[in-house]
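Undergrad: Those letters in the sequence shown? Residues 219 to 371, by this note's numbering. Note that beta-carbon positions come from the ideal geometry of N, C-alpha and C, so glycine has one too.
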Amino acid sequence: MAVESRVTQEEIKKEPEKPVDREKTCPLLLRVFTTNNGRHHRMDEFARGNVPSSELQIYTWMDATLKELTSLVKEVYPEARKKGTHFGFAIVYPDPKRQIYRVKEIGNTVSGCKGADDSMTLQSQRFQIGDYLDIAITPPNRAPPLLGRMRPY
Numbered sequence: 219m220a221v222e223s224r225v226t227q228e229e230i231k232k233e234p235e236k237p238v239d240r241e242k243t244c245p246l247l248l249r250v251f252t253t254n255n256g257r258h259h260r261m262d263e264f265a266r267g268n269v270p271s272s273e274l275q276i277y278t279w280m281d282a283t284l285k286e287l288t289s290l291v292k293e294v295y296p297e298a299r300k301k302g303t304h305f306g307f308a309i310v311y312p313d314p315k316r317q318i319y320r321v322k323e324i325g326n327t328v329s330g331c332k333g334a335d336d337s338m339t340l341q342s343q344r345f346q347i348g349d350y351l352d353i354a355i356t357p358p359n360r361a362p363p364l365l366g367r368m369r370p371y
């Protein structure tokens with residue numbers, strides 16, 4: 219006799235995230251790759267054990283928000299601190315069946331503006347330890363127009 223689960227995908231997504239006790243939980247090493255041309259890296263740049271040269275290594279936790287990660291990137295790149303600088307986040311993860319990397323865009327933040335994706339966490343986007351984070355940084359003079367989702371502080 220087969221038993222079917224009646225839990226829907228929507229109910230799974232609504233499951234609350236477990237808060238991370240940062241005092242007791244060891245941080246993970248997050249390998250971040252950035253570009254300043256507004257586009258993510260090509261997937262062939264991650265092929266055969268290679269990675270792009272623009273690597274940042276950040277120690278953080280699974281409950282790190284995109285806004286928190288944005289502020290850490292801005293500490294390293296002063297030119298990204300300008301109001302209106304756009305940050306596009308994507309997870310780069312391996313596809314073991316095809317032995318290639320795939321990309322999943324997860325959200326955006328804008329320097330100096332509040333947005334819908336600011337509080338999004340790595341955990342909520344199913345980030346796995348060992349995945350990479352790719353951040354496309356777009357200067358304010360080349361950033362796409364705000365779509366009404368962002369509010370100035």
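Given Glu273, which residues of its chain have a CB within under 8 Å of its CB, disregarding the five upstream and five downstream residues?
TA: Cβ within range, chain order: Arg249, Val250 and Phe251.
Undergrad: When you compare each of Ala265, Asp262 and Met280 to Gln343 by their alpha carbons, which one comes out closest?
TA: Of the listed residues, the one whose Cα sits closest to Gln343 is Met280.
Undergrad: Taking Lys322 as part of the beta strand (DSSP E), name the residues at either end of that continuous run.
TA: Its beta strand (DSSP E) spans residues Ile318 to Val328.
Undergrad: Report the partner residues of Gln343 according to the DSSP bridge assignment.
TA: DSSP output for Gln343 lists no bridge partner at all.
Undergrad: If Gly325 sits next to Asp335, beta carbons under 8 Å apart, how far is it from one beta carbon to the other, in whole angstroms?
TA: Between Asp335 and Gly325 the Cβ distance is about 3 Å, and since that is below 8 Å, they are a contact.
Undergrad: Compare the C-alpha of Gly333 against each of Thr303, Lys292 and Arg266 and name the closest.
TA: Of the candidates Thr303, Lys292 and Arg266, the one whose C-alpha sits nearest the C-alpha of Gly333 is Thr303.
Undergrad: Can you round the beta-carbon distance between Thr327 and Thr288 to whole angstroms, since I take them to be within the 8 Å contact cut?
TA: Thr327 to Thr288, Cβ: 5 Å. Contact.
Undergrad: I'd like the span of the alpha helix (DSSP H) that includes Thr288, first residue to last.
TA: It spans Leu284 to Val294 - the alpha helix (DSSP H) in which Thr288 sits, taken as one unbroken run.
Undergrad: How many Å lie between Gly366 and Cys331 at the Cα?
TA: Note that Gly366 scores 49 on pLDDT, short of 50, meaning its location in the model is unreliable; the coordinates nonetheless yield the value given after this. Going from the Cα of Gly366 to the Cα of Cys331 covers about 11 Å.
Undergrad: Report back the beta-carbon spacing between Val291 and Ala298 to the nearest angstrom; my notes put them in contact at under 8 Å.
TA: That belief holds up - the Cβ atoms of Val291 and Ala298 are roughly 6 Å apart, short of 8 Å.
Undergrad: Contact defined as beta carbons within less than 8 Å: I believe Val310 pairs with Asp352. What is the distance between those atoms, to the nearest angstrom?
TA: With a Cβ gap of about 5 Å, Val310 and Asp352 count as contacting.
Undergrad: According to DSSP, what are the bridge partners of Glu297?
TA: DSSP lists no partner for Glu297.
Undergrad: Starting from Gly306, trace the beta strand (DSSP E) both ways and give me its first and last residue.
TA: Unbroken beta strand (DSSP E) run through Gly306: His304 to Asp313.
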